[in-house]
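The structure under discussion appears below in the form of structure tokens.
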Amino acid sequence: MKIKLKYPLILGVLLALLLVNAVPVLLLPEKAALTNFSVFPGAVTIFMVIYGLCALIDKHKGNYFLLSNPRGRSLSYNKSYTYKEEYEREFRLSMLIYFGAIPFYIPLIFFARGYPTVTFGTFAVVLVPQIFLAIPSIREAIQDSKERKQILAERERERIEQERREELGKWK
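At position 98 of the sequence shown (counting the first as 1) the number is 117 in my numbering, and the numbers step up by one without a gap.
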């Protein structure tokens with residue numbers, strides 16, 4: 020059974036993630052501080068939020084949470100497939116994964132102590148959801164490749180069979 024991802028459920032999950040990531044800052048205020056090291060994850064967080072909001076606004080122009088979509092959204096028209104239930108389900112899951120990563124920047128911002136750690140942590144928080152968002156595309160590409168190979172193999176068998184029939188026809 021698939022869980023229906025309704026917007027209130029998504030919002031609840033995101034708020035829970037936000038709370039979980041904010042608790043260390045609230046419990047350890049003496050160790051939590053904004054430093055020069057906080058600038059990079061803070062800037063990435065702001066960029067991620069802005070991009071996510073733009074993807075929400077352009078929801079019917081394509082799923083821009085996925086890396087595989089072209090980026091000419093402001094010049095394009097709404098796509099008809101974006102009004103179907105399957106797309107809506109995919110979009111909501113993508114939105115949950117994308118926005119679900121953003122609260123994980125909070126510990127990086129407030130407990131940043133060195134550039135290597137902050138840089139690695141920031142890139143990890145950026146890449147992990149992108150990997151999860153890419154899995155359906157990879158799965159679809161593998162399935163398409165298998166189907167293409169199967170069609171080519173079938174055509175080759177038909178071609179060989181046709182040549183054999185032609186050869187038999189010549190000998191008769």
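Each residue gets a CB set at the ideal place from its N, CA and C atoms; glycine is no exception.
Nearest-angstrom Cα separation, counted from residue j out to residue i
{"i": "Glu185", "j": "Arg178", "result": "10 Å"}
{"i": "Gly188", "j": "Gln181", "result": "11 Å"}
{"i": "Ile65", "j": "Phe110", "result": "21 Å"}
{"i": "Val145", "j": "Met67", "result": "9 Å"}
{"i": "Ser99", "j": "His79", "result": "8 Å"}
{"i": "Lys191", "j": "Arg183", "result": "Confidence at Lys191 is low in this model, with a pLDDT of 49, below 50, so its placement is unreliable and no value can be given for it."}
{"i": "Lys103", "j": "Val44", "result": "41 Å"}
{"i": "Leu30", "j": "Tyr106", "result": "19 Å"}
{"i": "Gln169", "j": "Ala153", "result": "24 Å"}
{"i": "Gly71", "j": "Glu175", "result": "47 Å"}
{"i": "Ile161", "j": "Leu46", "result": "47 Å"}
{"i": "Asp77", "j": "Ile157", "result": "24 Å"}
{"i": "Phe23", "j": "Arg167", "result": "Checking the sequence shown, residue 23 turns out to be Lys, not Phe. C-alpha separation (whole angstroms): 33 Å."}
{"i": "Leu28", "j": "Glu159", "result": "27 Å"}
{"i": "Ile150", "j": "Leu38", "result": "24 Å"}
Among the options, nearest to residue i - alpha-carbon criterion
{"i": "Val32", "options": "Ala52, Ile150, Ala120 and Tyr106", "result": "Ala120"}
{"i": "Ala41", "options": "Gln162, Pro155, Tyr124 and Val144", "result": "Tyr124"}
{"i": "Lys50", "options": "Leu127, Val144, Ile154 and Leu28", "result": "Leu127"}
{"i": "Asn97", "options": "Ala74, Leu45, Arg108 and Pro122", "result": "Ala74"}
{"i": "Leu53", "options": "Met67, Gln162, Leu37 and Phe129", "result": "Phe129"}
{"i": "Pro155", "options": "Ile29, Leu171, Ser113 and Leu45", "result": "Ser113"}
{"i": "Arg132", "options": "Asn55, Lys25 and Leu38", "result": "Asn55"}
{"i": "Val63", "options": "Ala143, Glu159 and Ser164", "result": "Ala143"}
{"i": "Lys25", "options": "Arg108, Leu46, Pro48 and Gly71", "result": "Arg108"}
{"i": "Pro122", "options": "Lys23, Pro148 and Tyr134", "result": "Pro148"}
For residue i, the three-state DSSP class (helix, strand or coil)
{"i": "Ala51", "result": "coil"}
{"i": "Leu24", "result": "coil"}
Which parts of the stretch 78-136 are runs of the alpha helix (DSSP H), unbroken and 4 residues or longer, counting only runs that do not cross its ends?
Listed in chain order, the complete alpha helix (DSSP H) runs (minimum 4 residues) inside the stretch 78-136 are 104-120 and 124-129.
Do the stretch 110-118 and the stretch 78-87 touch if we need at least three Cβ pairs shorter than 8 Å?
Yes, the stretch 110-118 is in contact with the stretch 78-87.
Answer yes if the stretch 133-152 comes into contact with the stretch 50-66, meaning at least three C-beta pairs across the two stretches below 8 Å, and no otherwise.
These segments touch.
Could you name each continuous alpha helix (DSSP H) segment of 4 residues or more that falls completely within the stretch 56-80, going from the start of the chain to the end?
DSSP assignment within the stretch 56-80 yields the following whole alpha helix (DSSP H) runs of 4 residues or more, N-terminal first: 58-76.
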